[in-house]
Every structure is written in C-alpha cells, then in structure tokens.
Amino acid sequence: MAQRVCIIGGGVIGLATAWALVRDGLEVTVVEARRALGSETSFANGGQLSYRYVAPLADAGVPLQAIGWMLRGDSPLKLRPRLDPAQWRWMASFLAACRTSVNRENAAHLLRLALFSQSTLKRWREDDGLVGFNWRRNGKLVTFRNATSFEHARKGLADPQQQQVLSAAECAQLEPALSDAPFVGAIYTPDEEVGDCHGFCQQLAARLRASGRCEFRLGQAVTGIRHSHGAVTAIELGDEILPVEQLVIAAGHRSPLLALPGLRLPLYPLKGYSLTVPIGSEHRAPDVSITDYDRKIVYARIGEQLRVAAMVDIVGFDPAVDPERLALIRRQARDTFPDAGNYDAAVEWAGMRPATPTGVPLLGATAYRNLWLNLGHGALGFTLACGSGQLLSELIGKQRTSIDLHGFNPRAA
1 MAQRVCIIGG GVIGLATAWA LVRDGLEVTV VEARRALGSE TSFANGGQLS YRYVAPLADA
61 GVPLQAIGWM LRGDSPLKLR PRLDPAQWRW MASFLAACRT SVNRENAAHL LRLALFSQST
121 LKRWREDDGL VGFNWRRNGK LVTFRNATSF EHARKGLADP QQQQVLSAAE CAQLEPALSD
181 APFVGAIYTP DEEVGDCHGF CQQLAARLRA SGRCEFRLGQ AVTGIRHSHG AVTAIELGDE
241 ILPVEQLVIA AGHRSPLLAL PGLRLPLYPL KGYSLTVPIG SEHRAPDVSI TDYDRKIVYA
301 RIGEQLRVAA MVDIVGFDPA VDPERLALIR RQARDTFPDA GNYDAAVEWA GMRPATPTGV
361 PLLGATAYRN LWLNLGHGAL GFTLACGSGQ LLSELIGKQR TSIDLHGFNP RAA
C-alpha cells in the first residue's frame with residue numbers, strides 16, 4: 001500500500017507537489033490554514049512564467065544600489081528595520097551572498113530548476129490536459145530606460161541562443177504598445193510564458209479532487225509537529241492529532257513557525273504588490289510580457305486583464321496593503337502605458353513572498369527521515385512550482401531525480 005504524504009500549505013508550491021505525488025501513484029493530504037486554496041502569495045502575483053530571468057536579488061553592487069533606491073521617493077525597495085532577530089539574520093546572510101561568484105553559482109542552480117519546471121508544466125498541460133488558467137507562450141521583453149544598463153545587459157545575456165537584443169524601434173514593431181514608451185531597447189526571450197497562478201491552483205485542486213487520492217483539510221492551521229527518534233509522527237490541528245507517514249512543509253513565509261529542533265529555515269517575507277487592471281476594447285495593453293528593468297515593474301496580460309506587479313518591502317510579517325506603494329505603482333504604470341486599461345477599476349493586492357537570502361529555494365530532505373521541505377521560492381514560486389513538486393515526488397518515491405539537486409539541499413542551508 002502506497003504511503004500517504006501530508007503537505008502543509010495549499011498554495012501553488014503545495015498543490016504542484018500534491019499533483020506530482022498523485023501522478024506518481026501516492027496518496028496525499030493537503031492541510032491549509034485558510035479556507036480557500038491559493039489565496040495568499042499565489043493569488044495575484046505577477047503572472048510571468050519567467051524561466052530565463054532567475055538571477056537572485058543578492059549580487060555585487062546591490063547593497064550600494066539599495067541605499068540609492070531608499071533615498072528616492074519612488075524606490076522599488078522599502079526597508080523597515082525591526083526588533084526582530086530573524087530579520088537581521090536574514091539581512092546579514094543576504095549581504096554575505098552579495099558577491100558576483102555567489103550570484104552566478106546560484107543563478108545557475110535556479111536556471112537548471114526553472115528549465116526543468118518549464119518542461120514539467122509542458123508535460124502536465126499536454127499529457128494531463130491541464131488548461132483553464134490563461135496560459136500562453138507570449139514571450140517577454142526586459143526593457144531599459146537607461147542606455148548604460150541596456151549596454152550592460154546586452155553584454156551579459158543569460159542564454160544567447162534564446163535571447164535577442166532589440167532596439168527601441170524593433171521593440172515597437174514587436175509590441176505596438178511600446179511605440180510611445182520611454183525605452184532605449186530591450187532583451188527579448190520568445191519562449192517565456194504567462195498564466196494566472198490562482199487559476200492554476202484551482203485547476204490543480206479540481207484534478208486532485210477528481211483523482212480520489214487527495215484529501216483537503218481546509219481552514220485548519222497546524223499548531224505543532226510531533227516527532228520521535230528522528231522522525232515526525234503527527235501534526236497538531238488544534239485539539240486534533242493527525243498521524244503522518246511522510247510530511248512536506250510548503251507553507252511559504254509562515255513555515256518558520258513550524259520549525260522543529262535542529263531545523264533551520266532561513267526565510268523572510270518580501271512583500272510585493274499588484275494591480276489587476278481590466279482591459280476593454282478601447283484599451284491598448286501589451287500582449288508580450290514586459291519587465292521594466294529600471295523601475296522594477298512587471299506587466300503581464302492575463303486574459304482580459306493586465307497584471308502590474310512590483311516592490312520589495314522588507315517590513316516584517318505585515319500583509320497589509322500600503323496605499324502609498326500601490327499609488328506609486330499605479331502612477332508609474334499609467335506613465336508608461338497610459339492606454340493599457342482602466343486603472344481606476346484596478347483590484348489592489350499585496351502578498352508575502354517567502355525568500356531565502358540567496359534566492360535559492362530549500363528543496364529536499366531534512367535531518368528528520370520523513371520530513372521534506374519545498375520552500376523559499378521568493379518571486380519565482382509560480383515559475384518553479386511544477387519542477388519543484390516533481391523533484392520532491394521523485395525524492396519521496398526514492399527515484400533518481402530528473403536534475404542535479406546540488407545547491408538546493410535544506411541540510412546545507
């Protein structure tokens with residue numbers, strides 16, 4: 001009889017892990033503290049499936065650049081120091097990772113996982129008929145306002161075989177919405193994709209329910225994890241004790257609250273914001289995904305809506321929407337694409353990205369022989385979810401993993 005795997009977390013990471021396990025013949029229980037699946041960080045993220053732009057935030061020059069950002073009124077970064085040892089430990093580790101050699105090594109790990117995740121999603125779409133989440137292969141333009149940053153980018157292409165350097169005129173030819181935008185050029189990657197992460201979660205949930213191999217425990221927060229002799233034995237759901245055979249923690253930025261003795265989870269939430277802007281027949285929204293490099297804003301057309309996402313706020317565990325930050329995004333989006341949609345009717349949202357200092361997720365086994373982690377994907381949760389879930393299923397099933405997992409080992413974090 002197949003072992004049952006319990007997954008804590010019903011966001012895109014937990015659901016993708018559940019689907020991979022069910023596809024591989026295992027039975028699953030998904031425990032989610034909220035009453036709806038995919039309702040936190042997975043709900044209204046940037047929507048870009050950006051497989052080749054996965055370089056970690058930590059890099060040489062970023063600390064000095066961050067100081068410059070924070071002196072500006074329109075900074076994409078906001079830091080609010082707190083009397084929180086976890087915040088200071090995370091920032092110290094982040095600064096230690098801000099070296100070119102470390103960035104390149106971690107970017108290589110992320111690229112390997114991202115390309116595997118892209119092929120995994122392709123297999124799920126084609127073999128399992130996984131549709132209904134506005135997926136498209138629409139390509140992506142990383143656009144530059146500054147000639148110096150554009151020149152630096154064109155010299156350091158992540159994948160010269162797949163990426164093209166375009167002038168401003170070529171950008172406008174490819175994407176007419178850019179004809180009046182203030183960009184000097186862009187890097188174009190034709191095979192990047194887009195989708196609705198929340199819709200993807202709902203499609204996975206429907207297939208999991210239909211499989212007969214998945215049970216959902218919604219609106220039940222895990223209040224403790226029991227362990228004995230190097231293994232976890234049960235989770236506590238208030239007064240209820242639920243025995244477990246295999247346990248996966250995929251609870252995003254809340255995961256450190258579940259830490260066990262000897263288990264270090266170097267995660268901290270990086271708050272981001274988004275606007276979901278309705279697109280009418282009179283509007284001219286970009287069809288290609290856009291990343292405004294200099295302002296750190298991403299644009300993705302998802303069906304008849306434009307998702308505009310931005311900001312990295314290191315402000316603690318505060319999920320509240322900051323009206324000033326959203327007003328800045330709205331103002332900058334209007335300035336760049338004034339006719340893209342009905343900004344006055346935009347739906348506002350904030351989410352907490354669970355990030356490691358290095359930008360590399362924690363994926364794999366722990367010191368507890370039946371406890372597994374799938375955590376810390378930061379802003380790349382949707383991009384990396386399918387590959388991460390499939391690899392964890394392979395590990396739990398004692399199969400040879402599809403890619404080398406060097407760099408992702410939670411025990412080395």
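Each residue of the sequence shown is one higher than the last, beginning at 1 in UniProt numbering.
Quick reminder that beta carbons are idealized off the backbone N, C-alpha and C, glycines included.
Asked                                                                                                           : Found
Min CB distance A345 to chain D below 8 Å                                                                       : The structure shown contains no chain D, having only a single protein chain.
Range covered by the beta strand (DSSP E) that runs through Q246                                                : 246-249
7 Å CB neighbourhood of R369 in its chain, flanking five on each side removed                                   : G230, A231
Runs of beta strand (DSSP E) lying entirely within the region 278-338, each at least 3 residues, in chain order : 289-292, 297-302, 305-314
Buried or exposed by the 16-neighbour rule on C-beta atoms within 10 Å, applied to Q163                         : buried
Backbone CA spacing between A205 and V248 [nearest angstrom]                                                    : 17 Å
Extent of the continuous beta strand (DSSP E) run through W372                                                  : 371-375
Alpha carbon of I7 to alpha carbon of E32, nearest angstrom                                                     : 9 Å
Rounded Cβ spacing between E175 and P286 (contact assumed at less than 8 Å)                                     : 5 Å
Beta-carbon proximity check, F133 vs D196, cutoff 8 Å                                                           : yes
Runs of beta strand (DSSP E) wholly within the region 22-91 (minimum 3 residues, chain order)                   : 27-32, 77-79
Bridge-paired residues (DSSP) for G272                                                                          : G351
M1, buried or exposed, once every other Cβ within 10 Å from all chains shown has been counted against 16        : Residue placement at M1 cannot be trusted, given a pLDDT of 48 that sits under 50; what the coordinates show is reported in the next sentence. Classification for M1: exposed.
In chain order, each alpha helix (DSSP H) run of at least 4 residues that lies wholly inside the region 127-190 : 147-155, 168-174
Cβ contact (3+ pairs, closer than 8 Å) linking the region 181-192 and the region 132-148                        : yes
Euclidean distance between Cα positions of P85 and T356                                                         : 15 Å
Sub-8 Å separation of V28 and C214 beta-carbons                                                                 : yes
Distance between beta carbons of S393 and A20, contact taken as under 8 Å                                       : 4 Å
Inter-stretch contact (C-beta, 8 Å, three-pair minimum) for the region 388-404 and the region 361-378           : yes
Straight-line Cα distance separating L263 from E192                                                             : 36 Å
Candidates G381, R334, Q332, of which the one nearest M352 by Cα                                                : G381
Buried or exposed by the 16-neighbour rule on C-beta atoms within 10 Å, applied to S228                         : exposed
Among G316, R331, F317, R89, the one whose alpha carbon lies nearest that of A310                               : R331
Range of the contiguous beta strand (DSSP E) that encloses R254                                                 : It is not in any beta strand (DSSP E) - R254 carries neither H nor E in the DSSP assignment.
Collapsed DSSP secondary structure at C6 in the structure displayed                                             : strand
T401 versus R23 - alpha carbon distance                                                                         : 15 Å
Counterpart residues of R112 in DSSP-defined beta bridges                                                       : Answer is none; R112 lacks a bridge partner.
8 Å Cβ cutoff met for G341 and L306                                                                             : yes
Cα-Cα separation between S75 and G129, rounded to whole angstroms                                               : 42 Å
Alpha helix (DSSP H) segment containing G381, residue limits                                                    : 381-396
Cα-Cα separation between A114 and A250, rounded to whole angstroms                                              : 18 Å
Alpha helix (DSSP H) segment containing A205, residue limits                                                    : 197-211
Buried versus exposed call for A345 [16 or more other C-beta atoms within 10 Å across all chains shown]         : exposed
Whole-angstrom distance between A168 and I187, CA atom to CA atom                                               : 11 Å
Assigned secondary structure, A221 (DSSP; H/G/I helix, E/B strand, else coil)                                   : coil
From T223, A60, S119, residue whose alpha carbon lies closest to that of R254                                   : T223
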